[in-house]
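Participant:
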């Protein structure tokens with residue numbers, strides 16, 4: 001007697017295809033899905049502690065947490081908002097009209113063309129800008145106890161973020177940042193002219 005040859009019945013073709021796909025999905029779940037469901041606890045968001053003052057940032061030393069901030073650069077403004085510091089902002093640059101919540105603020109020029117007379121109406125503040133301040137205006141700002149932090153325009157948003165995180169220690173849960181880049185970003189800030 002000879003061997004019978006197996007003959008596949010074409011009417012069961014779709015059933016075989018569906019069973020193969022089901023087997024493949026089960027195999028994928030076993031390989032990858034079990035690992036996803038085995039994590040019982042998600043890693044908590046990393047938080048930075050409040051900095052110990054004085055804090056050095058760029059060429060300035062902040063003796064205490066700045067409560068009054070004048071920010072002329074829109075990227076820095078957005079970063080401060082992400083850090084939930086909008087209540088500390090007392091003046092902004094003219095280009096912040098598109099930044100939510102900043103339309104009602106005092107507009108004090110821009111990083112390229114600051115309104116020094118308006119800025120000098122404040123005292124005991126931190127001025128954040130993307131451009132160097134001329135020596136004459138810098139002396140007037142210093143006399144009004146306005147410290148200037150220059151975050152140059154070529155610094156990427158992460159540089160703004162890590163520098164400002166170092167100053168305030170805020171670290172919202174929804175944002176991620178590595179502290180290893182903080183020191184390198186701070187070393188890239190330009191000294192004030």
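In full-length UniProt numbering, the protein residues as written are 1 to 193.
A virtual CB, placed ideally from N, CA and C, is assigned to each residue, including glycine.
Every value quoted in this text rests on a predicted model; they were computed, and no experiment measured them.
Using 10 angstroms around the beta-carbon of residue 84, count the other beta-carbons present and answer buried if the total reaches 16, otherwise exposed.
Facilitator: With fewer than 16 Cβ atoms within 10 Å of its Cβ, residue 84 is classed as exposed.
Participant: Which two residues bound the contiguous alpha helix (DSSP H) that contains residue 60?
Facilitator: First-last for residue 60: 60-62, but that is the beta strand (DSSP E), not the alpha helix (DSSP H).
Participant: Helix, strand or coil: how does DSSP classify residue 28 here?
Facilitator: Note: residue 28 maps to helix in three-state DSSP.
Participant: So, residue 93 versus residue 110, is the Cβ gap smaller than 8 Å?
Facilitator: Taking 8 Å as the Cβ cut-off, residue 93 and residue 110 qualify as a contacting pair.
Participant: What are the partner residues of residue 147, as DSSP defines its beta bridges?
Facilitator: For residue 147, which the question treats as bridged, DSSP gives the partners 126.
Participant: Which residue wins for smallest C-alpha separation from residue 105, given the options 54, 116, 113 and 88?
Facilitator: Comparing Cα positions, the closest option is 88.
Participant: By Cβ distance below 6 Å, which residues in the same chain neighbour residue 127 in space, the five residues on each side in sequence not counted?
Facilitator: Within the same chain, residue 127 has close Cβ partners 70, 146 and 148.
Participant: First and last residue of the beta strand (DSSP E) that includes residue 90?
Facilitator: Residue 90 -> beta strand (DSSP E) spans 89-92.
Participant: Which partner residues of residue 112 appear in the DSSP bridge assignment?
Facilitator: Beta-bridge pairing links residue 112 to no other residue.
Participant: In terms of residue numbering, what span does the alpha helix (DSSP H) encompassing residue 81 cover?
Facilitator: Here the alpha helix (DSSP H) through residue 81 covers 74-82.
Participant: Is DSSP giving residue 68 helix, strand or coil here?
Facilitator: Coil.
Participant: Measuring alpha carbon to alpha carbon, tell me which residue in 5, 140 and 23 is nearest residue 119.
Facilitator: Nearest C-alpha to residue 119: 140.
Participant: Using a Cβ-Cβ cutoff of less than 7 Å, which residues in the same chain neighbour residue 136 once the five nearest sequence positions on both sides are dropped?
Facilitator: Same-chain partners within the cutoff: there are none.
Participant: Quick one: what's residue 55 bridged to in DSSP?
Facilitator: Its beta-bridge partners are 62.
Participant: Here's the rule I'm using: 16 or more other beta-carbon atoms within 10 Å means buried, otherwise exposed. How should residue 121 be labelled?
Facilitator: Label assigned to residue 121: exposed.
Participant: Kindly list the residues whose CB is nearer than 7 Å to the CB of residue 112, restricted to its own chain and excluding five residues on each side of it in sequence; keep chain order.
Facilitator: The answer, listed in chain order, is 131.
Participant: Do the CB positions of residue 125 and residue 68 come within less than 8 Å of each other?
Facilitator: Yes, these two residues count as a Cβ contact at 8 Å.
Participant: Pull the bridge partners of residue 106 from the DSSP assignment, please.
Facilitator: BP columns for residue 106 point to 91.
Participant: Of the residues 25, 26 and 60, which one's Cα is nearest the Cα of residue 167?
Facilitator: Comparing Cα-Cα distances from residue 167 to each of 25, 26 and 60, the minimum goes to 60.
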